[in-house]
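Novice: Heads up, the sequence shown is in my numbering, so the first residue is 929 and it goes up one at a time.
The beta carbon of each residue, even a glycine, is placed where N, CA and C say it ideally should be.
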Amino acid sequence: MIVKRQAIKLIFGAGALMLVGQLLMLRLLRPPVPFRLEPVSQFVNVTAAIPLPIILLDRAVLTQLSDMCPFCNLQHPVAFASLYKHIHEVQSLQSVLDASGFKSTILLNTLPVEPAAPKVVRDVPTGFLIAKDGVVIHLVLLHERADSYWWFGAVQSDFGIKQKLLDFGLPGHAPTLDIMIDEGAVDRFKGVLVEVQGLNLMVPSSINLYLEQRSSDHFIECSHSRAAAFFDEFGDDDSSEALKFKHKAWKLLTTAKQVLDQLNIPFWLSSGTCLGYYRQCDLITYSKDVDLGIMASDYSTNLIPEFQKRGFKLKHVFGRINDSFEISFVYDDLKLDLFFFYREGNSIWNGGTQAKSGLKFK
Ligand SMILES: *[C@@H]1O[C@H](CO)[C@@H](O)[C@H](O)[C@H]1NC(C)=O
Ligand SMILES: *[C@@H]1O[C@H](CO)[C@@H](O)[C@H](O)[C@H]1NC(C)=O
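#1: Please report how far the alpha carbon of L1181 lies from the alpha carbon of P1053, in whole angstroms.
#2: Would the region 1068-1076 and the region 1085-1093 be scored as touching if the rule is three or more Cβ pairs under 8 Å?
#3: By Cβ distance below 6 Å, which residues in the same chain neighbour P1165 in space, the five residues on each side in sequence not counted?
#4: What residue range is occupied by the uninterrupted alpha helix (DSSP H) comprising R1142?
#5: Quick check: does the Cβ of Q1208 come within less than 6 Å of any heavy atom belonging to ligand 1?
#6: How would you label C997, buried or exposed, when you count the other beta carbons within 10 angstroms and need 16 or more for buried?
#7: Take the Cβ of I939 as the centre, count every other Cβ of all protein chains shown within 10 Å, and call the residue buried at 16 or more, exposed below.
#8: For ligand 1, is there any heavy atom lying closer than 6 Å to the beta carbon of Q970?
#9: Would you call the CB atoms of I1249 and L1266 closer than 7 Å?
#10: By DSSP's criteria, G1221 is part of a beta bridge. Which residues make up the other side?
#11: Identify the continuous alpha helix (DSSP H) that holds T1182 and give its terminal residues.
#12: The alpha helix (DSSP H) with V989 in it runs from where to where?
#13: Just verifying my parser: in three-state terms, what is the DSSP assignment at F1008?
#14: Smallest Cα separation from H1175: which of Q1084, A988 and L1262?
#15: Whole alpha helix (DSSP H) runs in the region 1013-1037 with 4 or more residues, listed along the chain?
#16: Assign G1055 to one of two classes, buried (16 or more other C-beta atoms within 10 Å of its C-beta) or exposed (fewer than that).
#17: Under 7 Å between the Cβ atoms of I978 and A1009?
#18: Just checking, does the region 1184-1196 make contact with the region 1227-1234 on the three C-beta pairs under 8 Å criterion?
#19: Starting from R1248, trace the alpha helix (DSSP H) in both directions and tell me its first and last residue.
#20: If you follow the beta strand (DSSP E) that P1132 is in, where does it begin and where does it stop?
#21: Distance, Cα to Cα, K1092 vs S1032?
#22: How about N1230: is its Cβ closer than 6 Å to a heavy atom in ligand 1?
#23: For the structure I just gave you, are there three or more beta carbon pairs, one from the region 1132-1141 and one from the region 1014-1027, closer than 8 Å?
#24: Is it a yes or a no for the region 1141-1157 touching the region 1104-1113, going by three-plus beta-carbon pairs under 8 Å?
#25: Less than 8 Å between C-beta atoms, sequence neighbours within five positions excluded: which residues of the same chain meet that for F999?
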């Protein structure tokens, strides 16, 4: 009896398994639903009528732009962007979309995105989710920062994000978005108008450059509250000497970045310059120099000549390429120290040599 019952269970179990298997097969065999372009076309037309300038930022589409059907296999909301400075037009966008049968929700970040008002934490519009007929559009609001780059927020900084994503049929836990998974930044770029599957769209004028920027776009906001606490305790040096130093150091940093970017060498703020960023979101005015770090393995023989071409004078070369290498340049009376770093197990290290004594430190 018991044996029989188990046998029935087994048969039933196998039947259920087969059914699951068949359903799975059906799912696999069913062709994926083709991406519907109509709502995107309508969205583009609505923005053009406002007018609100938008640009296509979706990497999946941009990488296939020369193919027949760049939108066809899209698996996530299609990412567009507009500039935050057009916020008034963006606000009218929502009512126009509403009238055209689109559903939309605003994404907010509760972060101080304006360094000038570091203590004010408020809801800052960072984007929209827009949907119609099963097609979801993710409109990112790019915030202009400093004078050379655009910042974008992270969806997870919106306290209500889980429900918003679910409302748009997207997984609430791990959002499948092309952008705004993390806070990020890209250098400003220009757009060009192209025709994609019958749509007239603005895309980044150099798609390769844009894609490259996106591959390392993670942005870490400086802690303005830590800086404010530091200045409260120690004061800020606003003497003309200090301001002159900052001005020169910015110019040096900007030029050094241009040289290193052009050589495709990743770099970071090192030593005192890094401390200044961390502690006070600024340059330490009494340090009188700028320190950058790069991996020794990224060294290129073009490095010194390229810096020299841009007006840097070579001052010292310490160590060897494979050990404690360091190059110092002088640019407009300021010293730039380039420290080379070495990987060793789970850590990286750099050397330093005291110019006067020749003493080496690791
Ligand atoms: C958008 O505008 C273009 C050009 O005016 C037109 O051909 C197209 O049909 C419009 N798309 C929608 C969905 O209305
Ligand atoms: C660096 O290279 C030199 C010569 O090629 C070699 O003698 C020395 O041991 C190397 N030093 C390190 C730390 O690998």
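Specialist: On the basis of the coordinates in this document:
#1: Translated into the one-based positions of the sequence shown, residue 1181 becomes position 253. Translated into the one-based positions of the sequence shown, residue 1053 becomes position 125. One C-alpha to the other measures close to 31 Å.
#2: no
#3: Taking the first residue of the sequence shown as 1, we reach residue 1165 at position 237. The sequence given here has Asp at residue 1165, not Pro. So the qualifying residues of the chain are T1213.
#4: Against the sequence shown, residue 1142 aligns to sequence position 214. Where R1142 is concerned, the enclosing alpha helix (DSSP H) stretches over I1135 to R1142.
#5: Taking the sequence shown and counting its residues from 1, the one referred to as residue 1208 is at position 280. No - ligand 1 has no heavy atom lying nearer than 6 Å to the Cβ of Q1208.
#6: To locate residue 997, count along the sequence shown from 1; it is residue 69. The residue in question, C997, is exposed, as its Cβ has fewer than 16 Cβ neighbours within 10 Å.
#7: As a position in the sequence shown, residue 939 is number 11, starting the count at 1. At I939 the pLDDT is 47, less than 50, meaning the model places this residue with poor confidence; the figure from the coordinates comes in the next sentence. I939 should be labelled exposed.
#8: The residue given as residue 970 occupies position 42 in the sequence shown. For ligand 1, at least one heavy atom lies less than 6 Å from the Cβ of Q970.
#9: Translated into the one-based positions of the sequence shown, residue 1249 becomes position 321. Translated into the one-based positions of the sequence shown, residue 1266 becomes position 338. Going by C-beta atoms, I1249 is not nearer than 7 Å to L1266.
#10: On the sequence shown, residue 1221 is found 293 positions in, with the first residue counted as 1. Answer is W1196 and F1267, bridged to G1221.
#11: Here residue 1182 refers to the residue found at position 254 of the sequence shown. Taken as a continuous stretch (DSSP letters only), the alpha helix (DSSP H) holding T1182 covers S1168 to Q1190.
#12: Within the sequence shown, the letter at position 61 stands for residue 989. Segment R987 to L990, the alpha helix (DSSP H) holding V989.
#13: In the sequence shown, residue 1008 corresponds to position 80, counting from 1. If DSSP states are grouped into helix, strand and coil, F1008 belongs with the strands.
#14: Taking the first residue of the sequence shown as position 1, residue 1175 is located at position 247. Ranking the options by Cα distance to H1175, first place goes to L1262.
#15: 1015-1027
#16: Here residue 1055 refers to the residue found at position 127 of the sequence shown. By the neighbour-count rule (16 or more Cβ atoms within 10 Å), G1055 is buried.
#17: Against the sequence shown, residue 978 aligns to sequence position 50. Against the sequence shown, residue 1009 aligns to sequence position 81. In this structure, A1009 does not lie closer than 7 Å to I978 by Cβ.
#18: yes
#19: Taking the first residue of the sequence shown as position 1, residue 1248 is located at position 320. Counting along the chain, R1248 falls outside any alpha helix (DSSP H), though it belongs to the beta strand (DSSP E) covering K1241 to R1248.
#20: The count along the sequence shown starts at 1 and reaches residue 1132 at position 204. Where P1132 is concerned, the enclosing beta strand (DSSP E) stretches over L1127 to P1132.
#21: Within the sequence shown, numbered from 1, the residue matching residue 1092 stands at position 164. Within the sequence shown, numbered from 1, the residue matching residue 1032 stands at position 104. So the two alpha carbons sit approximately 10 Å from each other.
#22: On the sequence shown, residue 1230 is found 302 positions in, with the first residue counted as 1. Checking every heavy atom of ligand 1 against the Cβ of N1230, none is found closer than 6 Å.
#23: no
#24: yes
#25: By 1-based counting over the sequence shown, the position of residue 999 is 71. So the qualifying residues of the chain are F963, L965, V968, V989, V1006, V1124 and Q1125.
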